[in-house]
Structure formats: structure tokens, C-alpha cells
Amino acid sequence: MINDCLQKLASTSFTPLDIVQGRNLTEKLVELALHGPPEGMPMPAAPLKELTGAIHRQDVSGVRVVVFGGGTGMSTIIGGDSRSPAWTANPFQGLKSIFPQIRAVVCVSDDGGSTGELLKHLPLFGIGDLRHVLLAAIQESLLRKRYNLDSQQALETAAALFTLFNYRYEEKPLSVNELLRRGGLELNALPAAMADGILYLLRNLFSDSRLSRALSAPNCLGNLLIVSAIYSGYRDDNPRPSVSAVRNGLLLLTDMLGVVEDGVMPCTLNPSSLKIHYTNGVMTTGEYKSGLSRRGYPVERVFVDFLGLKPQILPQVFTAVREADIIIFAPGSLYTSIVPVMQVPGLAEAVRANEGAMKVLAANIWVQAGETDLTMDEPKRRFYVSDLIKAYNRNIVGGVHGLFQQVLLLGLQDIPGSILQNYAVEGKVPIYLDRGLVWKMGFEPVEACIYAADELAERRLKHEPAALALAIKAMWAARGQFAAELTDSKQWAAEVKTEADLRLPAALPGPPMAGISWFAEPGCRTAGPEGEIACERYARINRRLTALDIEDEDRGRIAEIIWHHADIPAAHLDYTRGLRFIERRNWPRSQVWDKVYSFYNPEDGFLNIRRDIGPENFEVAFLVALGQSLLGNYAAHKDVEPLLVGREIVGKLFRLELRPAAQRLSWFSDLELRSYLKLSRLLPSAVNPLVFTRAVNGEEGFTPPGLLFGLTYAWYIDNRFADHIEYKMAIARAEVSDLVPEQVKTLARRRAIIDFFREVVFCQ
């Protein structure tokens with residue numbers, strides 16, 4: 013036995029690389045680049061030190077890098093989190109410090125915060141992420157060369173730009189001087205030529221009448237500077253900037269700030285909206301809103317709606333992708349960062365066409381609530397890297413084949429369990445690596461210590477820009493090494509290509525309920541005019557509200573509610589005359605069965621809300637009443653009669669008589685209205701086609717169709733608004749048993765209601 017062991021040891025070949033942490037050559041080279049050779053082994057350390065030095069010394073100044081993504085994740089890996097005050101201490105780190113020929117293609121689906129305010133008034137794409145990345149992409153060498161600065165002056169300039177670009181105001185400034193004074197902004201902290209350029213853009217904000225409304229809203233100055241740069245390039249009456257105006261504006265800024273030419277580009281110039289489709293059938297519109305949604309169901313698909321317009325893309329984007337040596341998908345939101353970029357027509361194809369580039373997916377550290385906290389196949393289990401890849405595969409035309417070959421992620425084995433436990437208490441859970449499955453899929457997982465050590469000492473865990481940049485440099489040194497280690501890559505790639513050869517439908521088909529059809533005649537109704545962009549929708553909302561009998565203060569907050577919930581068509585306001593508040597003592601509704609303090613009165617066309625509801629309840633009260641208004645004056649008569657068996661009262665009979673179709677003012681056609689009443693469990697009369705009934709057992713209550721519609725309307729918009737409906741819909745989460753056929757029917761009816769609201773009510 014001992015001799016056998018000795019023979020095995022004698023026959024084992026050993027190299028110094030074997031003592032380096034890592035499961036394959038790529039991981040070992042990354043480990044050497046980050047930490048050098050292991051300590052305490054002088055003999056094998058010598059060649060390892062030589063190798064480490066060679067990795068660090070390799071000249072990558074001419075290596076062309078393209079990064080896709082958006083938001084904090086993208087800016088962090090390029091040059092640090094440019095929204096954090098800590099950025100000013102080290103603004104020249106990250107990928108740009110190692111790969112100066114770096115270009116960012118940025119997601120522009122952002123519609124929240126300052127960007128959302130701009131979208132209300134300007135026909136632009138979302139520019140908030142551009143601001144983060146522009147600041148993060150500033151390069152010390154370019155600053156120093158452009159303005160003849162030393163290192164300290166370059167550092168001070170970056171700090172001054174940080175203050176300028178991240179300043180936010182709440183009230184409109186009356187002049188440039190007031191804006192600077194109120195924000196404590198010192199232009200003399202900038203090089204003279206840069207200060208002159210910034211001052212030019214600031215003055216343009218106040219002199220260009222096209223920007224006056226945008227200036228009036230609470231905003232971030234960095235966003236306004238980008239807008240000013242774009243609009244300063246053309247003076248015609250067309251409010252939509254041309255391709256050349258956008259590029260010239262960005263060139264003006266990149267040259268001024270010390271960013272490489274075409275270093276920051278939007279993925280598309282089109283205003284667009286993001287649509288999230290959940291597995292329960294609900295669809296949500298808007299990046300900001302989707303980030304707040306907690307539907308409790310996995311995301312099935314993500315769509316970018318280009319509003320019927322052909323997406324415009326800067327030609328320089330395709331040039332950068334075609335010439336790239338390295339292509340990186342930045343960490344960030346799965347469904348609101350990478351996927352929207354790759355859904356821009358032509359971009360995914362351009363990445364695949366560049367077969368010579370090293371392509372890397374930088375994976376997130378944490379599961380993201382509302383996005384990656386639930387999986388498609390087993391919603392209750394943890395989220396793995398393979399799930400991340402599958403999600404991209406589902407949502408990108410053509411799938412992930414050819415988009416990336418390696419997955420770079422933070423190695424959790426080096427993180428103390430106590431830190432992960434602390435994050436778990438906060439509800440943050442890491443994305444786990446299922447290494448074997450990822451390899452089997454045809455991708456090389458690369459685990460590395462790419463976290464910030466100083467942050468870890470403070471028990472915080474995040475990507476460290478310098479470490480991630482070094483890891484990419486080491487992977488570049490090892491490029492091409494992993495292909496021989498793949499086992500079933502060709503077979504899997506073929507399977508994926510077949511599985512993902514999808515064409516995303518314009519409208520998602522739902523599982524129809526047998527015997528019920530609610531589809532309207534083609535083309536009879538749309539959510540809004542073809543090609544209507546956000547600012548046009550906002551203007552239409554306000555025009556319609558101005559025509560209604562509503563107090564000015566309430567008109568403003570209603571406009572904000574409808575703007576925030578982009579799924580609500582402005583046409584939903586067409587069935588009401590206005591809004592009235594009713595004192596509690598005069599409230600005409602019985603609250604025996606519900607605590608809903610709003611309703612629609614079809615007799616006068618007004619939404620009615622009880623005056624004593626708090627501001628926090630106004631939104632849901634308004635939405636319930638607005639939803640009810642879509643039914644209009646559909647009911648000619650409603651009553652409840654005792655249900656007798658012999659002389660015994662065994663329940664109640666709810667009886668609804670419809671108005672004749674010609675006399676109705678309603679959102680719905682006759683077919684659609686009848687379909688809804690059947691879905692709400694009303695039985696059509698075999699004698700009178702206008703009559704529907706429902707039997708109610710004993711003293712039980714039930715939700716009448718008008719109230720049910722209003723509650724479901726509010727629930728569809730945001731499930732937190734209607735606990736009653738959320739409880740009813742929870743059956744979809746339960747495992748369906750073939751022992752109880754009624755459960756199958758109930759589930760089908762719930763899904764059919766969701767389909768009805770998605771397709772007929774919200775025209776999605």
C-alpha cells in the first residue's frame with residue numbers, strides 16, 4: 013500500500029502553478045495578478061513572480077474594450093461609483109486606468125428620478141445612466157493633456173466635476189448665478205477652458221426656450237448639462253434631436269471632461285419603454301416601477317417597446333463593437349440593464365459577428381428583489397449563475413450563443429460567513445455558482461477576489477474597480493486557454509441556438525379560459541396614438557385633466573399618479589367628468605362588506621372619494637374609482653333579493669340588468685363586457701340576454717362586479733394596492749392537485765381575469 017502511494021507520488025508531474033489558488037489556468041492567472049505568488053514557498057515562487065510581472069507588464073494600451081450595461085454597475089467597473097462621495101478620493105481607477113481605449117454602450121431605459129422629470133417635457137431617451145458613466149469615464153491622462161494639469165490638479169478637477177454633476181435642486185433657479193450660489197458650486201475650481209464650456213452649457217439652459225419646462229422641475233444638474241449639450245447643437249423647430257445632434261453633444265462633453273472620443277454612447281437614440289411580463293400574466297411598464305414591483309412571481313419575459321418607431325443607433329456603436337478586442341457585460345440589473353441593450357435591433361448580432369473578441373459576463377454579487385429572487389422552474393429555490401444565463405437566453409433574440417464565453421464572478425469562499433449572514437438579515441442573498449452546470453452549458457466560470465478589501469473590513473461587500481480591471485487583464489493574458497476544457501460546448505450551443513431562436517411577439521398570448529372569448533375586433537382600441545412618446549403622453553394626460561372638474565391641487569397629484577403608472581392609458585380618463593370629495597357624515601355607501609372609500613357614480617360621471625382618507629390612501633382610492641368608471645353606465649338596474657327554498661331563506665340573489673348596448677357609455681364592447689361579467693362569476697339569463705345573476709349562500713358576502721373591477725384594476729397596476737385581490741390571486745402560487753378539479757377551474761378563471769385586464773383593459 014505504501015509502495016503504491018509512493019509510486020503515484022513519483023509519477024505525478026508538479027508545476028509551480030499547482031500551488032496557486034484556482035481550478036483552471038484562467039483563475040490561477042487572475043489570482044497571481046491580484047495577489048501575487050503564495051507566500052512561504054521561495055523556490056516555486058520565482059517563476060510565479062516572473063509570470064506575475066509579465067501579466068502586469070503586458071501592454072494593453074491599444075486593446076479596444078466595449079462595455080455594455082447601465083447604472084451603478086457599469087460606472088463602478090469603468091471608473092468607480094461616480095455617485096458616491098468616496099469616488100473623489102480615487103476617481104481614476106477601474107478599467108479605464110488599464111484599458112484607455114474603452115467605450116461604454118449605455119442602457120437608456122431609465123425613467124425614474126431626475127430622468128423621469130426630463131422625460132415629461134423633452135422627446136429624449138433616458139439619460140440618467142449616461143451621467144453616471146460620463147463622470148466615471150474621465151481619464152487622468154486626457155485631463156492632464158487637455159488642460160496641462162499635474163496629478164493633484166487633475167484630482168481636484170474630478171472632485172469639482174463630481175460636485176457639479178451630482179448637484180440636485182428642488183426649486184427652479186432664476187439664473188445661472190443663483191444656481192451656482194444655491195449649490196455652492198465653484199466654477200473657478202475647474203480649468204479655465206473647462207469652466208468656460210460648463211458656463212456656456214449653463215447659460216444655454218436658461219436661454220433655450222425648449223428647455224425651460226425641464227429646468228422648472230426638480231432635477232440633477234449633470235442630466236441638464238447633457239441635455240444642454242445635445243440641444244446646443246441644433247436650433248431648428250424639430251423638438252426631437254437628430255442623430256448628429258446627439259453625437260455632437262456627447263463629443264462636446266467627452267472632449268470637455270477628458271473622456272475618450274465616443275467613449276460613452278447610448279444604445280439607442282429612441283425614447284422607449286421597458287415592459288416586464290411576469291409568469292402570472294401581469295405586465296408592468298417602466299424601469300423605475302419594475303424595480304419597485306414585488307409581484308411574488310418570476311419574470312418570464314422583458315420587452316423594450318420602441319413605440320412603433322425604428323430604433324436609431326449611432327453608427328459609432330457598431331464600429332466600436334466590430335473593432336473590439338474585449339466585450340464586457342457589466343454587472344447590474346438583469347432585466348433593466350443588459351437585456352434592454354441587447355434587444356436593440358442589430359446589437360446582439362454585432363456582438364456575435366465579432367468572433368475574435370474575448371467576451372465576458374461580469375455577474376452580479378446579489379440577487380435582486382423583484383428580478384432574480386425567484387426562478388422560473390422552482391420559484392422557492394436559490395438563484396444560480398446558470399439561472400442568470402438562462403434568463404438572458406430567454407430575453408435576447410437568438411439567445412446567449414456568441415454573446416459571451418466567460419463569466420467573471422466574486423468568489424464567495426473567501427467571504428466570512430458572518431458577513432453573508434448579516435446581509436441575509438437585510439434580505440440580501442448572493443447569486444450562487446453552480447460551476448458544473450455552467451461549464452456544461454459551454455461557459456467558463458472565473459471566480460476571483462474582486463471585492464473591495466477596505467469595504468469588507470467594514471463588513472460591506474461590493475465589486476472593487478481596480479481588482480476587476482486587473483482580473484480582466486489577466487483573463488486577456490489567458491485568452492483562448494479555456495476552449496479545450498469545455499466538454500459539451502458544441503452540443504449545448506446547438507441546443508441553445510434552437511431553443512432561443514425566438515421572435516418576441518408584439519402581444520403575449522395568455523391561457524384563455526374555455527368557453528370565454530373577450531377579444532375585441534382588430535384595431536378597435538389602443539393604449540395611445542402610434543409612436544406616442546413619454547412627453548407626449550404626459551401632455552395628453554394634462555390636457556384631459558384640464559378639461560375635467562378637478563381642483564388644481566388634486567389635478568397635479570392625479571397627473572403624477574397616471575404618469576407614474578405608465579400602463580394607464582390617458583384614454584381611461586374619458587369616462588369621468590371629474591372628482592368630488594364627500595364628507596364622512598354624508599358618505600352614501602355602506603361599509604359593511606368593505607373599507608373602500610371611493611366609487612364611481614355613473615349617474616353624474618364623477619369619481620367620489622371620502623374626504624377623511626389620508627394622503628397615503630388617496631392613490632389607491634383614486635385608482636379603484638377610475639377603474640370602475642371604465643364600466644361606465646353599463647347597469648340599468650341592480651338589486652339583491654332573498655333566495656328562497658320553500659319558505660326558508662337560504663341566501664341572496666344578486667341581479668344585474670344591463671343597459672342596451674346602444675345606450676351604454678363604456679370602455680368595453682358588448683362582447684367584452686359580457687365576458688367580464690362571466691369572469692366575475694355572474695350567470696347570464698337564458699330568458700333575458702340583458703340579465704345576469706349570482707347566488708350567494710346564507711349570510712355570506714361577495715364582491716359585486718363594479719367593486720371587483722375597481723379593486724382588480726388597482727391590483728393589476730400594483731398588487732400592494734388591493735390585498736383582497738392579491739389573496740384571491742395567490743392560488744396561482746399553489747400546486748394544482750388533480751384531486752380537486754374545482755381548483756383547476758378557479759386557477760383558470762383567475763388567469764383569464766388577468767389576461768382580460770392585460771389585453772382588453774390596458775391594451776398590452
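Residue numbering for the sequence shown is 13 to 776, as defined by this note's numbering. The beta carbon of each residue, even a glycine, is placed where N, CA and C say it ideally should be.
Determine, using beta carbons only, whether residue i and residue j come nearer to each other than 8 Å.
i: E544; j: L321; result: no
i: L213; j: L237; result: yes
i: P477; j: T88; result: yes
i: A481; j: I110; result: yes
i: M370; j: V329; result: no
i: L421; j: E459; result: yes
i: A479; j: C461; result: yes
i: R596; j: R623; result: yes
i: W575; j: Y612; result: no
i: V397; j: P457; result: yes
i: V258; j: L281; result: yes
i: N216; j: S240; result: yes
i: A483; j: V42; result: yes
i: F395; j: V379; result: yes
i: V77; j: D337; result: yes
What does the Cβ neighbour count give for residue i, buried or exposed, with the cut at 16 atoms within 10 Å?
i: V79; result: buried
i: P59; result: exposed
i: T715; result: buried
i: P103; result: buried
i: L695; result: exposed
i: P717; result: buried
i: G639; result: buried
i: L619; result: buried
i: R143; result: buried
i: K607; result: exposed
i: K650; result: exposed
i: D616; result: exposed
i: F341; result: buried
i: R180; result: exposed
i: Q105; result: buried
i: D93; result: buried
i: N231; result: buried
i: P253; result: buried
i: L262; result: buried
i: T510; result: Confidence at T510 is low in this model, with a pLDDT of 39, below 50, so its placement is unreliable and no value can be given for it.
i: P701; result: exposed
i: E39; result: buried
i: D8; result: Residue 8 falls outside the range modelled here, since the chain spans only 13 to 776, and no answer is possible.
Tell me which residues share the same chain as residue i and place their Cβ nearer than 7 Å to its Cβ, disregarding the 5 neighbours each side in the sequence.
i: T127; result: G138, I139, G140, N235
i: A505; result: Note that A505 has pLDDT 43, beneath the 50 cutoff, so the model's placement of it is unreliable and no number is given.
i: L63; result: L44
i: R225; result: H133
i: T758; result: I743
i: R194; result: Y181, P185
i: L146; result: L265, L269, V271, V276
i: S25; result: none
i: A673; result: D682
Cα-Cα, which of the options is closest to residue i?
i: V116; options: G275, N554, V657; result: The residue asked about is misnamed: residue 116 is Ala in this sequence, not Val. The shortest C-alpha separation from A116 is found at G275.
i: L223; options: L136, R193, M277; result: L136
i: L107; options: P203, A98, A149; result: A149
i: P203; options: L191, K157, C232; result: K157
i: A726; options: A637, V258, P327; result: A637
i: S302; options: G124, Y444, A332; result: G124
i: T297; options: F768, Y728, V72, I90; result: Y728
i: D154; options: R334, N554, Q425, D267; result: It is worth fixing the name first, because residue 154 is Leu in this sequence and not Asp. With distances taken between Cα atoms, L154 lies closest to D267.
Less than 8 Å between C-beta atoms, sequence neighbours within five positions excluded: which residues of the same chain meet that for residue i?
i: A647; result: P614, L668, E669, L670, R671, G718
i: M295; result: K287, I288, H289, L520, D579, R770, F774, Q776
i: L642; result: H584, Y587, S678, W679, F680, F721, Y725, V773
i: D220; result: S240, Y243, S244
In chain order, what residues of the same chain lie with their CB nearer than 6 Å to the CB of residue i, ignoring the 5 residues before and after it?
i: N292; result: Y309, A744
For a test of your reading of the model: does the CB of residue i fall under 7 Å from any non-hydrogen atom of the ligand ATP? Yes or no.
i: I743; result: For the structure depicted, the ligand ATP is absent and the ligand set is empty, with no information on it obtainable.
With 8 Å as the threshold, decide whether the Cβ of residue i is near any Cβ in chain C.
i: P203; result: Among the protein chains of the structure shown there is no chain C, as only one such chain exists.
Review point. How do the stretch 553-566 and the stretch 583-593 stand: do at least 3 beta-carbon pairs fall below 8 Å, yes or no?
Key: yes
Practice item. Would you check if the stretch 699-713 and the stretch 657-672 touch, i.e. whether three or more CB-CB distances between them fall below 8 Å? Key: In short, these stretches touch, since the Cβ pair count reaches three.
Check your understanding: For the stretch 344-362 against the stretch 403-423, are there 3 or more C-beta pairs whose distance is under 8 Å?
Key -> yes
Check your understanding: Looking at C-beta atoms only, is the number of pairs between the stretch 621-631 and the stretch 680-690 that lie closer than 8 Å three or more?
Key -> no
Practice item. Could you tell me whether the stretch 302-314 touches the stretch 343-352, where touching means 3 or more Cβ pairs closer than 8 Å? Key: yes
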